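Taking it in order: structure first as structure tokens, then the write-up.
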Amino acid sequence: MIKFIAKIFLYLKNKIEIMKNNLFYGAKGRKSKIIKPMRIIGKRFIRIGDSVHILNDARIEAISEYAGVKLNPKLVIGDRTTIEQNCHIIAASELIIGSDCMFSAFVYIADCNHQFISGIRVHDAELKVQKTTIGNGVFIGIGARIMPGVRLGNNCVVGANAVVTHDVPDRAVVAGIPAKIIKYI
1 MIKFIAKIFL YLKNKIEIMK NNLFYGAKGR KSKIIKPMRI IGKRFIRIGD
51 SVHILNDARI EAISEYAGVK LNPKLVIGDR TTIEQNCHII AASELIIGSD
101 CMFSAFVYIA DCNHQFISGI RVHDAELKVQ KTTIGNGVFI GIGARIMPGV
151 RLGNNCVVGA NAVVTHDVPD RAVVAGIPAK IIKYI
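The sequence shown begins at 1 in this note's numbering and counts up by one.
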């Protein structure tokens, strides 16, 4: 009976901790709007600037624990950034998005990736985390993917459905899988 009560107590304690973690943002600027998100996890690790607009069905996750490992995520979204429908943003370490950015629908950005280790289930392996940075004034086209460890410079353009696996300098236009520089603006 004592074990049963202890299990219930731990279950309730974990649920309360999850609710507390997801109740308040680390910061949320003036005139910022999040319209009908699909899922937001780890609000206290998310800092949103002024006049940010995040549209329907966004999935924004600041992951503080995975596979028994405690993480210290930091997700920052700069002022006047617009994130269109169905975007998926994941931070387990540090993901910084600059000001005045525009992300089209179905964009994916992450600072972490699953490790594939022989003999270990993917869900049991630790995440591989790498700081990911999006500069100011960046435009990301529909369906693009920004992989962990990438730094996009200021005023870059990422073409539709591009998969960005390497750093991109300021004012570069990239496209393709993997994304390559096609010109400068």
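Cβ atoms here follow ideal geometry from the backbone N, Cα and C, with glycine treated the same way.
Note that the structure is predicted; figures quoted are calculated from it, not measured.
| Check | Outcome |
| --- | --- |
| Please name the residue, chosen from Ile2, Tyr108 and Gly149, that lies closest to Asp57 on a Cα-to-Cα basis. | Tyr108 |
| From what residue to what residue does the beta strand (DSSP E) around His114 run? | Cys112 to His114 |
| Arg39: buried (16+ other C-beta within 10 angstroms of its C-beta) or exposed? | exposed |
| Return the CA-CA distance between Leu71 and Phe45, expressed in angstroms with no decimal places. | 11 Å |
| Would Arg59 pass as a contact of His88 if the rule is Cβ separation under 7 Å? | yes |
| For Ile96 versus Thr133, is the C-beta distance shorter than 7 Å? | yes |
| Could you work out which residue in Ile48, Ile2 and Lys43 is closest to Lys31 when comparing CA atoms only? | Ile48 |
| Please work out which residues of its chain come closer than 6 Å, Cβ to Cβ, to Ala144, disregarding the five sequence neighbours upstream and downstream, and give them in chain order. | Val107, Val158 and Ala162 |
| Which value, in whole angstroms, describes the spacing of the CA atoms of Leu152 and Lys128? | 20 Å |
| Expressed to the nearest angstrom, what Euclidean distance is found between the alpha-carbon atoms of Arg80 and Ala160? | 22 Å |
| Give a yes or no on whether the C-beta atoms belonging to Ala91 and Ala125 are separated by under 7 Å. | no |
| Does Pro178 pass the burial test, meaning 16 or more other C-beta atoms within 10 Å, or should it be called exposed? | exposed |
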